[in-house]
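All you need for the working numbering is the position in the sequence shown, starting with 1, plus 74. Idealized CB from N, CA, C, for every residue including glycine.
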Amino acid sequence: MAGKEKRPYVSMKGTKEGLTLQLDDTCAYDELLKQVDELLTGATRDEEGPLVAVHVHVGNRYLTREQEERLRDVIRMKKNLIVHSIISNVMTKQEALEWKKKNEIVSVAKIVRSGQVLHVDGDLLLIGDVNPGGTVVATGNIFVLGALRGIAHAGYEGNRQAIIAASIMKPTQLRISDIMNRAPDYRSEEGNEMECAYIDEHDQIVVDRLQLLMHLRPNLTRIEGSF
């Protein structure tokens, strides 16, 4: 009687970015590494050639540092292969807390006076004014339910999709990511509708009506109930 055929736990696909390995997340880890080794041995050649990036998807499996290093070693042993990324659907508690911190809306009720700096991780919802000489900084978006007359810097860590919105938009300086706009020419009048600033397709900060926000940044639907 023929032996039972081994179940494949690894699938491989070639793309223009390199090789993508999809790993089963239910089998024993040692068996998984064995199949990765066998599959790559049959797919690679000994000839010299350009480096090929390998993207590994481990599904709902959490890898310890030791397990991840063992996986990298198996791939590194094959000529011309380099591990570009290892992607898991599972994150640690610390990673989850960091993600929450960077994506939550931080509500603050105060007046940011001259010389003061308010810096938050995530989105800032300021209920109050930013006086001339005051500064608000956020890694995400900035929403000011009041007058913005000082400096606002959104997307502090490089998020160019961030926006700045204010009830009264009269800043001395606007910054989004690495783009800066000093004292915008377009000024709103008190009593008018809220406005927002964003980076356009020409890498310029422009100020427009807040009503356009749903078209400019449709992914910001989570803030709709904030106003």
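Length of the line joining the Cα atoms of residue i and residue j
i: I309; j: L137; result: Look at the range of the chain in this structure, 75 to 301, and you will see that residue 309 is not part of it.
i: T319; j: L114; result: This structure cannot speak to residue 319, because the chain is shown only from 75 to 301.
i: E269; j: D195; result: 23 angstroms
i: V186; j: D197; result: 16 angstroms
i: Q109; j: V84; result: 7 angstroms
i: M254; j: G220; result: 22 angstroms
i: E112; j: K152; result: 11 angstroms
i: T94; j: V130; result: 6 angstroms
i: M288; j: R139; result: 42 angstroms
i: E178; j: G202; result: 19 angstroms
i: I106; j: E143; result: For the sequence presented, residue 106 should be read as Leu rather than Ile. L106 and E143: Cα-Cα distance of roughly 14 angstroms.
i: V148; j: Q168; result: 28 angstroms
i: N154; j: E91; result: 14 angstroms
i: A240; j: R150; result: 52 angstroms
i: N233; j: R283; result: 21 angstroms
i: E172; j: G229; result: 16 angstroms
Nearest neighbour of residue i, chosen from the options [CA to CA]
i: V180; options: I216, K90, K108; result: I216
i: L277; options: S85, D252, R135; result: Note on residue identity: the sequence assigns Asp, not Leu, to residue 277. Of S85, D252, R135, the residue nearest in Cα terms is D252.
i: E231; options: V186, K244, G224, G214; result: G214
i: K184; options: E91, N205, E143, G116; result: N205
i: T89; options: M243, R223, A127, T246; result: A127
i: K244; options: L107, L222, L145; result: L222
i: G116; options: M86, R144, E105; result: M86
i: S159; options: P82, Q96, D282, Q285; result: Q96
i: Q247; options: G229, G224, N233, S241; result: G224
i: P82; options: E91, G92, D98; result: D98
Spatial neighbours of residue i in its chain, beta-carbon cut-off 6 angstroms, leaving aside the 5 residues before and after
i: H227; result: V211, R249
i: V182; result: L200
Chain-order list of residues whose beta-carbon lies under 7 angstroms from that of residue i (same chain, five-residue window excluded)
i: G265; result: Low confidence applies to G265: its pLDDT is 49, below 50, so where it sits in the model is not reliable, and the reading given next is rough at best. Cβ within range, chain order: n/a, list empty.
i: A141; result: Residue 141 is actually Gln in this sequence, not Ala. Cβ neighbours of Q141 beyond the five flanking positions: Y103.
Residue range of the beta strand (DSSP E) that includes residue i
i: M151; result: Run containing M151: none; DSSP gives neither H nor E here.
i: L290; result: Where L290 is concerned, there is no enclosing beta strand (DSSP E), although the alpha helix (DSSP H) it sits in stretches over 287–290.
i: L137; result: Premise fails: L137 is in no beta strand (DSSP E) and is neither H nor E.
i: C101; result: Premise fails: C101 is in no beta strand (DSSP E) and is neither H nor E.
i: L125; result: From DSSP, L125 is part of no beta strand (DSSP E); its letter is neither H nor E.
i: E269; result: 269–273
i: G220; result: 216–222
i: D197; result: 197–201
i: Q34; result: The question about residue 34 has no answer here: the residues shown for the chain are numbered 75 through 301.
i: S159; result: 155–161
i: H193; result: 191–194
i: R32; result: Summary: the structure shown does not reach residue 32, with the chain confined to residues 75 through 301, and so no result is reported for it.
i: D282; result: 279–283
Residues near residue i by beta carbon distance below 8 angstroms, same chain, minus five either side
i: V164; result: N134, R135, Y136
i: R291; result: Q235, I237, Y272
i: I161; result: H129, V130, H131, V132
i: D274; result: V280
i: Q285; result: E267
i: R146; result: V157, I160
i: L125; result: N154, L155, I156
Residue-chain proximity (residue i, chain C), Cβ-Cβ < 8 angstroms
i: Y136; result: This model lacks chain C altogether, as it is built from one protein chain only.
| message | For the pair the stretch 183–191 and the stretch 200–219, tell me if three or more CB-CB distances fall below 8 angstroms. | response | Inter-segment contact for the stretch 183–191 and the stretch 200–219 is present: three or more beta-carbon pairs are separated by less than 8 angstroms.
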